[in-house]
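Chemist: Order-wise, the sequence lines are chains H and D.
Sequential numbering of the first sequence, starting at 26, is according to the numbering used here.
Sequential numbering of the second sequence, starting at 201, is according to the numbering used here.
We put the CB at the ideal spot given by N, CA and C, even for glycine.
The structure displayed is predicted, hence computed values, not measured ones.
Sharing a structure, written as structure tokens. Questions coming.
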Amino acid sequence: NAGVTQTPKFQVLKTGQSMTLQCAQDMNHEYMSWYRQDPGMGLRLIHYSVGAGITDQGEVPNGYNVSRSTTEDFPLRLLSAAPSQTSVYFCASSNRNRATDTQYFGPGTRLTVL
Amino acid sequence: AQSVAQPEDQVNVAEGNPLTVKCTYSVSGNPYLFWYVQYPNRGLQFLLKYITGDNLVKGSYGFEAEFNKSQTSFHLKKPSALVSDSALYFCAVRDGRGSTLGRLYFGRGTQLTVWP
């Protein structure tokens, strides 16, 4: 049972490039989400999904796209990278979209945009 | 809107001494509160949560947290700190209602350093 996995672990992009951060979970969780972590700001929600085919925006969605074609996978796409998107990105999942459910986090992707 | 505050950016404590990492919250509706720990260059690990019931919640690695409704606080505690407890600790509240149901709101984090 691998839990939540993310690839790549590190990535360097040039301004304007696009890329996809991968996230997968093997716990059959319905709820998946993406956060970014910036120093002194905690984690902020980018996008989330309550099930396959259903996605919605979080607090900081601009510049990012998501899709959820399967229960297991929830990729995050950067359309045209900007230096402001330099951050550490975490994917998380929980069984359901209930306030009582615990979200479990992946190991993160450290992204630098030059 | 739901929010949490961690009033201390840094907490320093000697090994063997008790430690407290503070968290206060502001919610509409019932509070669903979580503590996570992040070791350097790692993801967040779940420590414990308060949903309902006993105000003292026990979690992983000997940590516990005390829920205080009147003070809207959820402080993380450990009776005897270890050097290996040094990490970044996050308090979070999960939204329990409305269009933002299920969202997790984090505090800014508290860096705990335990000195040998």
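Can you pull out the residues from the region 277-298 of chain D whose beta carbon lies closer than 7 angstroms to at least one beta carbon of chain H?
Modeler: Listed by position along the chain: Phe290, Arg294, Asp295 and Gly296.
Chemist: Cβ of Leu248/D within 7 angstroms of any heavy atom in the ligand NAD?
Modeler: Of the ligands one can find in the structure shown there are none, so the ligand NAD has no counterpart to examine.
Chemist: Alpha carbon to alpha carbon, what distance is there between Thr252/D and Val75/H?
Modeler: 24 angstroms
Chemist: Within the chosen definition, does the region 202-214 of chain D reach the region 251-271 of chain D through at least 3 CB pairs nearer than 8 angstroms?
Modeler: no
Chemist: Quick one: what's got a C-beta closer than 6 angstroms to Leu233/D's C-beta in the same chain, skipping five residues either side?
Modeler: Cβ within range, chain order: Tyr250, Phe274 and Val293.
Chemist: Taking Cβ-Cβ distances shorter than 7 angstroms, what residues in chain H pair up with Lys249/D?
Modeler: Thr127
Chemist: Any C-beta of chain H sitting closer than 8 angstroms to the C-beta of Leu312/D?
Modeler: no
Chemist: Can a CB atom of chain D be found closer than 8 angstroms to the CB of Asn122/H?
Modeler: yes
Chemist: The region 61-79 of chain H: which residues have C-beta closer than 8 angstroms to a C-beta of chain D, in chain order?
Modeler: Gly65, Met66, Gly67, Leu68, Arg69, Leu70, Tyr73 and Val75
Chemist: Grab me the residues of Phe115/H's own chain with a C-beta within less than 7 angstroms of its C-beta, minus the 5 sequence neighbours each way, in chain order.
Modeler: Tyr60, Gln62, Leu68, Phe130, Gly131 and Gly133
Chemist: Quick one: measure Cβ to Cβ for Gly298/D and Ala124/H, integer angstroms, because I've assumed they're closer than 8 angstroms.
Modeler: The Cβ separation is near 11 angstroms, so there is no contact.
Chemist: Which of the three DSSP states is assigned to Asp295/D in this structure?
Modeler: coil
Chemist: Using only the alpha-carbon positions, how far apart do Val204/D and Pro33/H sit?
Modeler: 31 angstroms
Chemist: Return the residue from the list Asn122/H, Leu104/H, Glu97/H and Leu139/H that minimises the CA-CA distance to Ala27/H.
Modeler: Glu97/H
Chemist: Have a look at Arg303/D, Phe263/D, Ser284/D and Gln245/D and flag the residue whose alpha-carbon is nearest the alpha-carbon of His72/H.
Modeler: Arg303/D
Chemist: Using a Cβ-Cβ cutoff of less than 8 angstroms, which residues in the same chain neighbour Val283/D once the five nearest sequence positions on both sides are dropped?
Modeler: Glu215, Val314, Trp315 and Pro316, listed in sequence order.
Chemist: By DSSP's criteria, Val227/D is part of a beta bridge. Which residues make up the other side?
Modeler: According to DSSP, which records beta bridges pairwise, Val227/D is partnered with nothing at all.
Chemist: Should Asn217/D go down as buried or exposed, given a rule of 16 or more other Cβ atoms within 10 Å for buried?
Modeler: Result: exposed.
Chemist: What's the call for Ser43/H, buried or exposed, on a 16-neighbour Cβ count within 10 Å?
Modeler: exposed
Chemist: Work out the CA separation of Thr220/D and Ala286/D for me, nearest whole Å.
Modeler: Before going further, note that residue 286/D is Ser rather than Ala in the sequence given. Roughly 13 angstroms between the two C-alpha positions.
Chemist: Is Ser112/H near Gly41/H, with beta carbons less than 8 angstroms apart?
Modeler: Result no, Cβ atoms of Ser112/H and Gly41/H do not sit closer than 8 angstroms.
Chemist: Who does Ile71/H pair with in a DSSP beta bridge?
Modeler: None, per the DSSP bridge assignment.
Chemist: Tell whether a beta-carbon distance below 8 angstroms holds between Gln50/H and Met57/H.
Modeler: For Gln50/H and Met57/H, yes; Cβs fall inside 8 angstroms.
Chemist: Since Asn212/D is in the beta strand (DSSP E), which residue starts that stretch and which ends it?
Modeler: Gln210 to Ala214
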